[in-house]
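Worksheet: one structure, shown below.
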Amino acid sequence: MMVSVYKEDGSITIFMTFIFLLLFALTGATLDSARYFSSGGYVRSSAYGADIAIYGEYNRELYTEYGLFGCGGFNGKGESDWLDRYQEILQENLRERPDKQEQGILPRRYASVYQINDIRTELEEVHFLTEEKYFRQQLRKWIAAEGLKDLGGDLVKQVLGTDQGKKEELLKDLEKTDSLEETKEAEQAKNSVVDKGVPNNTGRGQQKPTVENPLEFLGKLLQAGVLSLVCDTGSLCEREIDTREVTGEMQDAQEGLKPKATQSWTTGKSGLKILKKFLKQEDSMWNDEMTVDSGKKGELIIYVTNMLESYVSEHNGSVPYGLEYLISGKKSQKEAFGAVINHLFLIRTMTNFLYVEKDPALQAQSLETATALAAPLMAEAFIPVIQKGILMVLSMEEACVDITALLQGRRVPVFKSRGSFQMQYAQICLATRKLFVEKAKSFPKEGDRLIDGNGRTGLGYTQYLWLMLMMQSWDELYQRTLDIVQFDLRERFNQTFTLDHCICRTKVVVTYDLPVLFNRLVDGKNYKDKIKSKNSTTGMLSRQITVTYGYS
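Just so we're aligned, residue 22 is where the sequence shown starts under this note's numbering, counting upward by one.
In structure tokens:
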């Protein structure tokens, strides 16, 4: 009997083949997924390296001279140049073999796990140093690094003093604005007296000092100007500052800007208003218009008073009157300095007038002179007006002494007393720059402590600049500071330098292609990655990463 035997050859082999294929597919998909997702960290670290490298090429002069970080800004370099340099460094960081190494030599030694290709970069965000947010960040970092403190408290302390009764008395005097307004009439009366003439001898020997007319000093002041009486005008810098071209939103924001604090400088009573505000302070100097942008304005003032030059500082840059320019905004540095001196002259004249109006001896002497000047005119009604004018002239001459001392680097008491008032009444008609220089030597230098019996050290020129800077708006101080930085670096280092092109922070999107075998098994959308399949057999995954970096 024949027996039929049935055999199924190869059934186990086919089954095992399917199993191995699935294992290989799983292993391949796992490896591709690992390559795909780990490539993000690899590219991101390379991108950060490119950021560090390109930001390491910062503008050295900008940092050395002004403590600010910015990349580029010279030779017309801008965003496109930054991005080209960035992509060049990134591709170099991602290169799997040296540039000069041929692929045929030891290829395994330089094997690439990721085989990344077609790297593309896009500058999604770019921020410049001139943007307020990033400029202030660098200001705060600089102030913290230098360990600087706000000097405003010392200024207020000197203005207020410790005598509460005296402060209240001064406030009452300042409220009497009518007496100060009469000084305008005094000038008109002076002109009348000068035109009609005053006899050289009135018949009384004791009135000999009143033969000359003290009010003639006003004519000398108007003709020569304050500058010629307090400093050597021939040595002043007359170079003009080239301002930056502000366009777009920044320009629109500045149009029509003229803060009330700035407008007050143009009024005849600006000195009085400032004194009133300071005398009314309790614990803080930042009230009324001073509270507007007080925090960021205080940071900027601390920065500029330490970084920019003024008349009394050493002149190493091309803007010797930088602080004066911030206050006045005049392009000519000589005109900017002159505007500050005029403001200072007004302040010192008003404070000196508060003293001479209360001094009995000066009151008696000025009354005698006013009576002698009015006698030939038979105008007894003008005697009080002429007396006020004479006292105002004496206050102006003392103000010239004060400003001369301040420009010599000396400190002057805020409010005068008999011991600190330098001009003598007998010298009222002898006022010259030479006399002011000699009188100014009576005030001590910045390093000396004691000036008056109350223990107050007085204020120096820089502290008066503080006072004027605080009365300006943030926008004006901010833009003018940028003007000075750009102008100075152009004059001394590179004429092509543009501060508005200095990059300080960027956000870059890096897109790259990664070849994978099982691209269908990796759902990039679930991982917020953009996937593009170039073909169904050997596909390419295109992935994006975002890298943000900048100076901090």
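Built from N, CA and C at the ideal position, the CB exists for glycine as well.
Segment limits, beta strand (DSSP E) that includes residue i
i	result
N138	138–149
Rounded separation between residue i and residue j - CA only
i	j	result
M271	Y57	Summary for M271: the model assigns pLDDT 43, below 50, so the residue's position carries little reliability, and this model does not support an answer.
E152	L375	45 Å
W307	V340	Note on W307: pLDDT 42, under 50, position unreliable in the model; the coordinate value appears next. Approximately 29 Å, taken between the alpha carbons.
V313	L243	The predicted model places V313 with a pLDDT of 48, which falls under 50 and marks its position as unreliable; any figure quoted below should be read in that light. Roughly 36 Å between the two C-alpha positions.
V147	D102	13 Å
R141	G99	19 Å
A68	L111	6 Å
R369	V422	10 Å
K409	M417	12 Å
I424	D263	29 Å
N373	C258	30 Å
D473	E320	With a pLDDT of 47 at D473, under the threshold of 50, the modelled position of this residue cannot be trusted, and the question is left open.
S331	K154	27 Å
V247	W495	29 Å
A452	K162	49 Å
M37	G49	18 Å
N515	S66	34 Å
A385	G479	29 Å
E378	K437	12 Å
F149	F156	8 Å
F238	G88	47 Å
F366	K241	15 Å
Y342	E335	10 Å
L42	Y79	55 Å
E261	Q565	50 Å
E117	Y533	15 Å
P381	L329	44 Å
First and last residue of the uninterrupted alpha helix (DSSP H) at residue i
i	result
P536	No alpha helix (DSSP H) holds P536; the beta strand (DSSP E) holding it covers 524–537.
Y87	81–87
G410	404–428
R157	153–167
R513	495–513
E378	Unbroken run through E378: none, as it is neither H nor E.
I348	343–349
I578	With the chain running from 22 to 573 in the structure shown, residue 578 is simply not present.
M491	482–491
A245	237–245
E459	454–461
V251	248–251
Reference residue i; option with closest CA among the options
i	options	result
I348	L498, E109, Y155, G97	L498
N337	N373, F403, D509	D509
E145	T38, V529, T569	V529
G62	I35, S573, V531	V531
S249	L428, E512, Q500	L428
R454	E419, F41, E109, L43	E419
R511	L83, F90, S133, P381	L83
M491	A46, V325, P465	V325
Q158	P465, G316, I566, L412	G316
D105	N80, E143, L562	E143
P405	A391, L398, M413, F366	A391
I411	F39, R116, A447, G430	A447
A74	L488, E109, D380	E109
Distance CB(residue i)-CB(residue j) smaller than 8 Å
i	j	result
L388	L415	no
I524	I323	no
Y135	S60	yes
R15	G481	Look at the range of the chain in this structure, 22 to 573, and you will see that residue 15 is not part of it.
E401	A395	yes
C444	K462	It should be pointed out that residue 444 corresponds to Met in this sequence rather than to Cys. For M444 and K462, no; Cβs fall outside 8 Å.
D72	V435	no
L160	L344	no
A360	K352	no
Y346	R501	yes
C450	E167	no
Y572	F90	yes
G70	N138	no
T483	V333	yes
Minimum Cβ-Cβ distance from residue i to chain B less than 8 Å
i	result
N337	Note that chain B does not occur in the displayed structure, where there is just one protein chain.
Next on the checklist: If contact is defined by three or more beta carbon pairs under 8 Å, each pair taking one atom from either stretch, is the segment 497–514 in contact with the segment 250–259?
Outcome noted: no
Checklist entry - How about the segment 521–540 and the segment 350–363: do they share at least three Cβ pairs that are nearer than 8 Å? => result no
Checklist entry - Would you call the segment 90–105 and the segment 513–520 touching, i.e. three or more CB-CB distances under 8 Å? => result yes
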